[in-house]
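Just so you know, we're using my numbering here: the sequence shown kicks off at 27 and counts up by one.
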Amino acid sequence: MALTMTRPADDLYRGPTLEEILGLAPVIPVIVIEKLEDAVPLAEALVEGGLPVLEVTLRSDAAIEAIEAIAQSVPGAVVGAGTVVEPSQVFRVRDAGARFIVSPGAYPALTEAVLASGIPFLPGAATPSEVMDLLARGFRYQKLFPAEVVGGMGMLKALAAPIAAVKFCPTGGVTPESAPDYLALPNVVCVGGSWIAPPKLVAAKDWAAITGLARQAASLRR
Ligand code: 3PG
27 MALTMTRPAD DLYRGPTLEE ILGLAPVIPV IVIEKLEDAV PLAEALVEGG LPVLEVTLRS
87 DAAIEAIEAI AQSVPGAVVG AGTVVEPSQV FRVRDAGARF IVSPGAYPAL TEAVLASGIP
147 FLPGAATPSE VMDLLARGFR YQKLFPAEVV GGMGMLKALA APIAAVKFCP TGGVTPESAP
207 DYLALPNVVC VGGSWIAPPK LVAAKDWAAI TGLARQAASL RR
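See the structure below:
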């Protein structure tokens, strides 16, 4: 691919593996940053509450700069990029300092771009065939998305025996109430969710309240 050929062979990502990253906390906050000025204090609030792994979604104009700001200014954070849907976004977020990439789904051109970048990738899957396809490409950790819509805990229980090699980070519709049950499943490594950084609290810059939500989420057992 032209995208990968523009990069020298030694320009690969070097950092923690996906397994190491997903092992850092039971919950990954899914974040939408509308104002760049909120990026660092929000990340600091989440890290202070015990959630160092942060998924900044590429759904706002400020997202890439927010990733850069967090990567440079919040040493305790492991910032990743979410909602990565195009190969062209892969090197942009890696160069901004993202340590991992999350997608809502996967297709060959995206998977190939991420593999070429060397950056850890948590790809989205919603069906047994998608899970198997990604496993065949080497992805043992996958995001079940949108988790509640595609079967939630029942789906994960059904997948556990026939596709035992895959561990999931269910995301989409997970709540503080359902998170403990998800985390109790043997094929769940962590969960993702937006409830830890609600837009209202971010808009109000209520970082203390967000630290409180993060602290509760960080105390969940796996
Ligand atoms: C998303 O895409 O926004 C994530 O899946 C988070 O979903 P949630 O808002 O249901 O937690």
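Glycine included, each C-beta is placed from N, C-alpha and C at the ideal position.
Please read all numbers here as calculations on a predicted model, not as lab measurements.
Check: Euclidean distance between Cα positions of LEU72 and ALA97; Outcome: 14 Å
Check: Status (buried if at least 16 other CB within 10 Å, exposed otherwise) for THR201; Outcome: exposed
Check: Whole alpha helix (DSSP H) elements within the stretch 186-244, 4-residue minimum; Outcome: 205-209, 225-229, 233-244
Check: Backbone CA spacing between PRO34 and ALA139 [nearest angstrom]; Outcome: Residue placement at PRO34 is flagged as unreliable, the pLDDT there being 40, under the threshold of 50; a coordinate-derived value is accordingly withheld.
Check: contact_flag[the stretch 58-73, the stretch 39-50] where n(CB pairs < 8 Å) is 3 or more; Outcome: no
Check: Distance cut-off 6 Å: GLY199 Cβ against heavy atoms of ligand 1; Outcome: yes
Check: Span separating the alpha-carbon of PRO55 from that of SER220; Outcome: 6 Å
Check: ALA103 and VAL119 closer than 7 Å at C-beta; Outcome: no
Check: Cut-off 6 Å between Cβ atoms - residues of its own chain near PRO130, not counting five sequence neighbours on either side; Outcome: GLY150, PHE171
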